[in-house]
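Counted the way this note's numbering counts, the sequence shown spans residues 19 to 220. From the three backbone atoms N, C-alpha and C, an ideal C-beta is built for every residue, glycine too.
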Amino acid sequence: MTISSAPTYDLNSVDLDDVSHAATVHGWLTHPKAKYWDMLDSSVADVEKMIRDSAEATAGTPYGMRLGYHDGHPQFLFELYDPATSELADPASGYVPADGDIGMHLLVAHAEQSLPGFTGAVMLHIMRTAILEVGAARVVVEPDVRNKAVHRLNASVGFRVDGDYPVGNKTAHLSYCTRADFLEVTDNGRSVGPVEVTDLGA
């Protein structure tokens with residue numbers, strides 16, 4: 019197995035707070051890079067409500083939204099959610115529930131100067147959080163079929179594509195990553211693997 023030699027970064031994440039984090043997150047969600055979050059026209063108040071609603075709905079569970087830091091500066095956010103209470107609950111989504119499933123959304127802030135391998139490091143942090151910290155048996159993602167960069171990123175940590183299905187107002191590239199696949203592809207969570215999209219049927 020070939021493992022990427024991309025640089026590593028010291029990252030940490032905290033629960034997202036509607037008061038102290040909303041303005042920062044609003045700047046990210048209204049940037050064109052975040053178009054797949056469907057919040058380009060949102061206000062700070064809209065973002066505050068989104069964060070607050072998420073916190074209330076996930077209180078006492080392993081789910082919720084988190085803000086990620088690099089060198090003390092906020093650089094990314096992610097959401098861990100229950101697929102059974104999301105748009106994936108619609109049978110048309112193609113999602114087949116399994117014990118230990120956790121859904122995941124990700125956004126890396128736009129940057130004037132990119133850091134080599136940073137997005138891969140962020141993905142490793144999120145997957146380690148979901149699988150090694152929270153204890154997910156399988157992580158589920160449903161990115162827009164047009165988001166090619168995210169498809170490659172997902173593949174680099176072990177996601178396998180199940181197919182394209184209608185999820186909400188988009189056609190989603192429904193994909194799954196089991197704990198075993200994540201640990202195998204990333205050398206036990208240490209480094210991103212080969213960036214190739216792999217179908218579940220392959």
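>> For a test of the three-state rule: what should DSSP assign to A129, helix, strand or coil?
In response: To locate residue 129, count along the sequence shown from 1; it is residue 111. Coil.
>> Going by DSSP in three states, T76 sits in which element: helix, strand or coil?
In response: As a position in the sequence shown, residue 76 is number 58, starting the count at 1. Three-state DSSP puts T76 in a helix.
>> Assuming contact is defined by CB atoms lying nearer than 8 Å, are A155 and R197 in contact in what I supplied?
In response: Within the sequence shown, the letter at position 137 stands for residue 155. Within the sequence shown, the letter at position 179 stands for residue 197. Yes, the Cβ-Cβ distance between A155 and R197 is below 8 Å.
> Going straight from the alpha carbon of R170 to that of G186, what length do you get?
Replying inline: By 1-based counting over the sequence shown, the position of residue 170 is 152. By 1-based counting over the sequence shown, the position of residue 186 is 168. Roughly 22 Å between the two C-alpha positions.
> Does any CB atom of chain D fall closer than 8 Å to the CB of S72?
Replying inline: Given the protein chain composition of this structure (a single chain), no chain D is represented.
> What separation, rounded to the nearest whole angstrom, lies between the Cα atoms of F94 and G112?
Replying inline: Position 76 of the sequence shown holds residue 94. Position 94 of the sequence shown holds residue 112. Each residue's alpha carbon lies about 28 Å from the other.
>> I'd like to know whether the C-beta atoms of D119 and V158 end up nearer to each other than 8 Å.
In response: For the purposes of this step, residue 119 is identified with residue 101 of the sequence shown, where counting begins at 1. For the purposes of this step, residue 158 is identified with residue 140 of the sequence shown, where counting begins at 1. Cβ atoms of D119 and V158: closer than 8 Å.
> Within the chosen definition, does the stretch 33 to 47 reach the stretch 62 to 72 through at least 3 CB pairs nearer than 8 Å?
Replying inline: yes
>> Quick check on F136: does DSSP put it in helix, strand or coil?
In response: To locate residue 136, count along the sequence shown from 1; it is residue 118. Residue state, collapsed to three classes: helix.
> For V140 versus V175, is the C-beta distance shorter than 8 Å?
Replying inline: Within the sequence shown, residue 140 is the residue found at index 122, counting from 1. Within the sequence shown, residue 175 is the residue found at index 157, counting from 1. Contact: no.
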